[in-house]
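Let me begin by presenting the structure, written as structure tokens, before commenting on it.
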Amino acid sequence: MSDGKVVKVALIGNPNTGKTSLFNRLTGLKQKVGNYPGITVEKKQGFCKLNETVKAEITDLPGTYSINPTSLDETLVLDTLLNEENETFPDVIVVVVDVENIKRNLLLFTQLKDLKIPTILVINMVDQMKRKGINIDVPKFEERLHTKVVLASARKKIGVEELKSAILNYKELDTTPVSKISTKIDKDFFTKLKSALPEFPLYKSWLLITQNQEFDFLTDTQKKLVTKFREDVVCIRRYQHKETIFRYKVINDILKDSFNVDASKATNLRGILDRILTHKIFGYVIFALILLFIFQGIFNWASYPMDIIDGAFADLSAWTKSVMAPGTFTNLIAEGILPGIGGIIIFIPQIAILFTFISILEETGYMSRVVFLMDKIMRKFGMSGKSVIPLISGTACAIPAIMAARNINNWKERLITILVVPFTTCSARLPVYAILIALVIPNKPILGFLNLQGLTMMVMYLIGFTAAIASSMLLHKVLKVESKSFFVIEMPNYKIPSIKNIFYEVVEKTKAFIFGAGKIILALSIVLWFLASNGPAKFKNAEATIKAQTENTSISKEVFQKKVASYKLEHSYIGYMGKTIEPVIAPMGYDWKIGIAIISSFAAREVFVGALATIYNVDSDDGDNATIKQRMAAEINPKTGESMFNFSTGVSLLLFYAFAMQCVGTLAIVKRETNSWKWPILQLVGMGILAYISAAAAYLILS
Amino acid sequence: MQDILVYIALVIAVTFLIKKFFFKSKSTKKGNCGSDCGC
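Read top to bottom, the protein sequences are chains A and B. Take 1 as the starting number for the first sequence in our numbering and just add one per residue. Take 704 as the starting number for the second sequence in our numbering and just add one per residue.
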């Protein structure tokens, strides 16, 4: 039994083996998501209680097909396992394999086993064994692989306790390598390697000399030896091929003895579903119907909790003013902070519904079919089939989506994907679209079962996707992508979605949205409120000025207060800033108040609603308990006398936010991923020009 | 008193925003590009 308090566990496996489901099953909500030091690859860690005194710290490493990395994500697996000084270097490795793809999945296992780190093999999704006619002789498997084998189903909670017990007793695990590559490839070469680096297991030395990267943990002498061994590149490549062939021979031998599939018992529902869902006509129709259903759901179901949240924040502002002593700090809370925060909290229902649907599509295995289906279209526009993953991920957030482009091997295709992903409608655009659509698009049924607002939301998503495709085509021609790449995607089995996995995914994504943007919005709300509530001499003399102006007219106290509030806002610091940019934004139909919200939302798009809520709250005289939507609807354009947020301004704003690069975080990540300021600046300017022209044209045509 | 609290909140907010957007933590590795990225 382990005598330590914390056992470090590395969870490793091929993509689509149910690794994350197992991680969720083991750790529950005791998870933390961060980044690996110095890079932006997500690092998922969690804790699991093994017994009263020992717990496991589990690191969910990125999915990889082999220990030889082909992308940055996969490099992390290698770095974690080779460097014993690494803080996540494991006491024990848990390798997860899919029972239906065991032959391919075992390649990685045999490589890891040869590193002589205690390793447990988890054969996942065993609940499918009977239906697929699969039989496994576990004792024979354990004997041949020199390891502990756990049959598990993370979804059905099978084998989890057995796995915990195996982790607890990891010191008893056999560390004998599975495949003795040294004797099968070139005995002399490996003998020399062993004597040159005797301090490492032989397979670790082999990995050190076969990679194209520097390892900081090596001493200068070790580095020199490694460099010397790397000199004969042709020989090393030949040996790597031999190694793979040899490993598959070993795996075949093992499987022949201990694993068999009775094909007569297997059902072919998957084949039938695949033919329908990836059909060249029905496939697209089904995908379009699913999207339509999602956007209808976002609008129809989310409206009730959103109204409650909106009303609650308006009441909270009024209540704060009534219980706190009058003064500037009370005003800051009631007019600045609460409306600003309310402007983000209100969108939790819509974000949660969107991610619930996306998680269901991923969980069922349908998303991979969409990627396959869309590949046929993507290729026509110069993007790789793999670009679909970042484009779909972009509906959540452009930042992880741009990082997901690392899977694309061809640099120019990857660059094009990085440049066009920000057009995809991210969750930050959702609050902006939601409030504008609710204000300017009538809530009426179409064809009896569709809702016009939901349909408009879907059109906005399609506009974003079309802009991405069109820009890709343009960039493809400008950048002259000549090299070709291949599109390979693994189709996972169809599964009944796990409610637990969906719940964790939705909680994590919603938390990231709320807390990621929440801090910025809170800080900006304070700054905006201050700038809107203070100003130079004219601001301070507002009451006297209005009194002088209305001396000979009889106006009510309310009208007088309204005039003072408007005059103050116009002559506040923020008013002067807004007035300065007004000539530039006027062609798009915006006044200086909207201009301020646009500038503020350059940090993050969702700030737009919170910023307007703060500005209109300072300006308002219609009580403290009006909702954000009511305040925006009540805003009058002084030049036309009509509602500020009418159809033409609304559509203009929708198009502006569809195309503009209003996200500092995305620019930073593009700089980081391309290692140059050239590309983010190109994105900022290009998308800005497109946004300006389309918004101005829409306003001109519709007004 | 309330004015002081407002100024404290303002200073904290401005400091946070400056730190967030102008003083990013430095990375310990150079770039994230693959071997074929041409950068």
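In this text, a Cβ means the ideal position worked out from N, Cα and C, and glycines have one as well. Computed from a predicted model, the values in this text were never measured in an experiment.
Item, Value
"Please report the straight-line C-alpha distance between Ser2/A and Thr666/A, rounded to a whole angstrom.", "Residue placement at Ser2/A cannot be trusted, given a pLDDT of 45 that sits under 50; the coordinates are not used to answer."
"Less than 8 Å separating the beta-carbons of Glu100/A and Asn493/A?", "yes"
"Taking the alpha helix (DSSP H) that Phe246/A falls in, what are its first and last residues?", "Val233 to Ser258"
"Can you give me the start and stop residues for the beta strand (DSSP E) that Asp98/A sits inside?", "Val92 to Asp98"
"Quick one, which residues of the stretch 713-725 of chain B are near chain A if we go by CB-CB under 7 Å, in chain order?", "Leu713, Ala716, Val717, Phe719, Leu720, Lys723 and Phe724"
"What residue from Ala537/A, Pro536/A, Val388/A and Ile123/A has the CA that sits closest to Thr417/A's CA?", "Val388/A"
"Would you please state the rounded distance, in angstroms, between the beta carbons of Leu50/A and Ile167/A? I believe it to be under 8 Å.", "6 Å"
"Determine whether the Cβ of Ile416/A lies closer than 8 Å to any Cβ atom of chain B.", "no"
"Alpha carbon to alpha carbon, how far is Pro638/A from Leu439/A?", "19 Å"
"In chain order, which alpha helix (DSSP H) runs of at least 4 residues are fully inside the stretch 317-353 of chain A?", "328-331 and 338-345"
"At a cut of 8 Å, does the stretch 135-149 of chain A reach the stretch 186-196 of chain A through at least three beta carbon pairs?", "no"
"Use the C-beta contact count for Asn14/A: other C-beta atoms within 10 angstroms, 16 or more gives buried, fewer gives exposed.", "buried"
"Counting only Cβ pairs nearer than 9 Å, list the residues of chain B close to Ile526/A.", "Val709, Ala712, Leu713, Ile715, Ala716 and Val717"
"So is Gly641/A buried or exposed if we call it buried at 16+ other beta carbons inside 10 Å?", "exposed"
"May I have the straight-line CA-CA distance separating Leu455/A from Ile514/A, to the nearest angstrom?", "26 Å"
"Taking Leu112/A as the reference, which of Lys477/A, Arg247/A, Gly365/A and Leu415/A has the closest Cα?", "Arg247/A"
"Do Asp98/A and Pro118/A have their C-beta atoms within less than 8 Å of each other?", "no"
"Answer yes or no: does any C-beta atom of chain B fall closer than 8 Å to that of Leu332/A?", "yes"
"At a Cβ cut of 8 Å, what residues of the stretch 328-357 of chain A count as close to chain B, listed as they run along the chain?", "Thr328, Phe329, Thr330 and Leu332"
"Using C-beta distances below 7 Å, list every residue in its chain close to Pro349/A, excluding the 5 sequence neighbours before and after it, in chain order.", "Ala302, Pro305 and Met306"
"Taking the C-alpha atoms as reference points, what is the distance between Leu655/A and Ile351/A?", "21 Å"
"Return the first residue and the last residue of the alpha helix (DSSP H) that Lys204/A is part of.", "Leu202 to Thr210"
"Given a cut-off of 8 Å, decide if Ile298/A and Met460/A are closer than it, judged by their beta-carbon atoms.", "no"
"Would you say Ile435/A and Ile628/A are within 8 Å of each other, going by their C-beta atoms?", "yes"
"In chain B, what lies closer than 7 Å to Glu514/A by C-beta?", "The question names Glu, but residue 514/A is Ile in the sequence shown. None at all; the shortest Cβ gap to chain B is about 16 Å."
"In three-state DSSP terms, what is Lys44/A?", "strand"
"Please name the residue in Pro442/A, Leu479/A and Pro431/A whose C-alpha comes closest to that of Gly382/A.", "Leu479/A"
"Under 7 Å Cβ to Cβ from Val609/A, same chain only, skipping five residues before and after it: list those, please.", "Gly343, Pro431, Val432, Ile435 and Ile628"
"What residue does the alpha helix (DSSP H) around Pro595/A start on, and which one ends it?", "Reading off the sequence, residue 595/A comes out as Gly, not Pro. Trp592 to Ser600 is the extent of the alpha helix (DSSP H) around Gly595/A."
"Can you name the start and end residues of the alpha helix (DSSP H) that Gly578/A belongs to?", "Tyr573 to Ile585"
"For Leu361/A, count neighbouring Cβ atoms within 10 angstroms of its own Cβ and tell me buried if that reaches 16, exposed if not.", "buried"
"What residue range is occupied by the uninterrupted beta strand (DSSP E) comprising Glu57/A?", "Lys55 to Asp60"
"Should Ala523/A be flagged as near chain B, meaning a C-beta pair shorter than 8 Å?", "yes"
"Counting only beta-carbon atoms, is Phe530/A nearer than 8 Å to chain B?", "yes"
"Output yes if chain B places a C-beta closer than 8 Å to the C-beta of Ile402/A; else output no.", "no"
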